[in-house]
Amino acid sequence: MTAPTAVSSPIYSMTGFARISGRVSESLGFTLSLKSVNHRFLDLHMRMPGGTESLEMQLRRELKQKLVRGHIEVTLNLDRGPRAEASYDAALVEAYLSAFRVASAQHGLGGAPDLNAILRLPGIFNGDNRGSDRGSEEDSRALEAAILKELPSLIDALNTMRAQEGSALAADLSGGLDRLQVLVDEAAGLRENVRQAYFERISQRISETLNGAFDRDRLLQEAALLAERSDVDEEITRLHTHIDHFRTLIEAGGEIGKKLDFLLQEMNREANTLLSKTGGITGNGPRITELGLGMKSEIEKAREQVQNLE
């Protein structure tokens with residue numbers, strides 16, 4: 063078995079989660095979370111409260127610079143802080159009611175004032191700043207500054223988790239390569255026997271067809287040529303090359319998900335060709351078929367794991 067090799071760059075899984083919380087003021091706090099799952103490309107899904115459009119654009123820009131692949135859910139929740147008991151400005155309500163009565167008397171209008179409408183008027187509730195655009199703008203700027211300040215550490219936390227997942231996947235992939243290497247090596251040791259069995263089968267069938275009326279030397283040349291075409295040496299060589307390349311990519315680290323997936327497709331193609339060449343061959347043919355099926359199983363397991371690598 064091959065011992066795990068330290069990689070020069072982290073290998074990131076596309077699965078991870080990170081969250082930060084903070085307060086802008088006593089009355090305004092926030093929680094920002096990043097949740098990542100696998101995706102062919104970088105797909106940002108923003109869940110932001112109304113009025114944070116400017117912040118959303120800045121978050122998108124920063125995340126695109128730091129992340130490569132994955133479906134990323136970005137969720138921002140705001141905490142307006144503990145609420146005091148609702149109290150209203152009695153003098154202001156009385157002023158509104160007085161104005162209503164005066165206006166009704168002056169214009170000869172009937173009806174009673176609507177309390178629900180009065181309570182929605184600006185400044186009725188104590189501490190109500192709905193009439194202050196300046197306060198809202200200040201809160202928005204403070205919120206943006208606080209979140210953007212914490213964003214790098216949040217991305218680092220996400221990548222730390224993704225790197226841990228990626229390291230575990232790399233170890234599993236290395237173990238799968240070890241098993242695949244054993245299968246390929248055994249098949250390599252059996253290929254000469256298979257070629258000889260194929261040669262003998264072709265010779266026998268041609269002899270039976272011609273009933274002995276043939277040029278033996280010519281027959282042997284044709285049979286040898288056909289047996290050579292059915293040799294699995296090229297497939298074995300390519301599989302060894304792909305395995306070595308796979309190991310090199312894992313050791314180098316970085317953004318290797320798509321490259322590994324392509325290599326595994328090539329490995330699967332070679333395993334299929336090996337199986338097609340050895341089907342129905344006597345001798346060690348059935349064993350090579352078992353080995354080829356084992357190769358395909360290991361390759362498929364690796365492909366499932368590679369789909370989650372950045």
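If you want the numbering used here, it's the position in the sequence shown, counting the first as 1, plus 62.
Cβ atoms here follow ideal geometry from the backbone N, Cα and C, with glycine treated the same way.
All values reported here derive from a predicted model rather than from experimental measurement.
In the DSSP assignment, the beta strand (DSSP E) including Ala80 goes from what residue to what residue?
The sequence position of residue 80 within the sequence shown is 18, counting from 1. Here the beta strand (DSSP E) through Ala80 covers Gly78 to Ser87.
Quick one: using the 10 Å Cβ neighbour count with 16 as the cut-off for buried, is Leu235 buried or exposed?
Here residue 235 is taken as the residue at index 173 of the sequence shown, counted from 1. Buried is the call here.
Within its chain, find whatever has a CB closer than 7 Å to the CB of Glu124; leave out the 5 residues flanking it on each side and keep chain order.
Translated into positions along the sequence shown, residue 124 becomes position 62. Excluding residues within five positions, the ones whose Cβ falls inside 7 Å are Leu213.
Check whether the Cβ atoms of Ser75 and Arg300 lie closer than 7 Å to each other.
Along the sequence shown, read from residue 1 onward, the residue named residue 75 stands at position 13. Along the sequence shown, read from residue 1 onward, the residue named residue 300 stands at position 238. No, Cβ-Cβ distance for Ser75 and Arg300 is not below 7 Å.
Run through DSSP, which three-state label would Ile134 get?
As a working mapping, residue 134 is identified with position 72 in the sequence shown. Secondary structure at Ile134: strand, using DSSP grouped into helix, strand and coil.
Suppose only complete runs of 4+ residues qualify. What are the alpha helix (DSSP H) ranges in the region 165 to 246, listed by chain order?
If we require 4 residues or more, the alpha helix (DSSP H) runs fully inside the region 165 to 246 come out as 177 to 181.
DSSP three-state assignment for Phe92, whether helix, strand or coil
As a working mapping, residue 92 is identified with position 30 in the sequence shown. Of the three classes helix, strand and coil, the one that applies to Phe92 here is strand, per DSSP.
The beta strand (DSSP E) spanning Arg109 covers which residue range?
Numbered from its first residue, the sequence shown carries residue 109 at position 47. Where Arg109 is concerned, the enclosing beta strand (DSSP E) stretches over Leu104 to Arg109.
Where Val164 falls, given that 16 or more other Cβ within 10 Å makes a residue buried
Against the sequence shown, residue 164 aligns to sequence position 102. Exposed, since its Cβ has fewer than 16 Cβ neighbours within 10 Å.
Going by C-alpha to C-alpha distance, which of Gln367, Thr77 and Val136 sits closest to Gly237?
Numbered from its first residue, the sequence shown carries residue 237 at position 175. Measuring from the Cα of Gly237, the nearest candidate turns out to be Gln367.
Hey, could you find the ends of the alpha helix (DSSP H) Arg300 is sitting in?
What you label residue 300 is simply residue 238 of the sequence shown in a count that begins at 1. Segment Asp295 to Ala314, the alpha helix (DSSP H) holding Arg300.
Going by the beta-carbon positions, is the gap between Tyr158 and Ile180 smaller than 7 Å?
Taking the sequence shown and counting its residues from 1, one reaches residue 158 at position 96. Taking the sequence shown and counting its residues from 1, one reaches residue 180 at position 118. Contact flag set, yes.
Which residue from Leu216, Lys321, Phe79 and Met329 puts its Cα closest to that of Leu245?
By 1-based counting over the sequence shown, the position of residue 245 is 183. Taking only the C-alpha atoms, the option nearest Leu245 is Met329.
Kindly indicate the opening and closing residues of the alpha helix (DSSP H) around Asn334.
For the purposes of this step, residue 334 is taken as residue 272 along the sequence shown, with counting starting at 1. Per DSSP, the continuous alpha helix (DSSP H) segment holding Asn334 begins and ends at Gly319 to Thr340.
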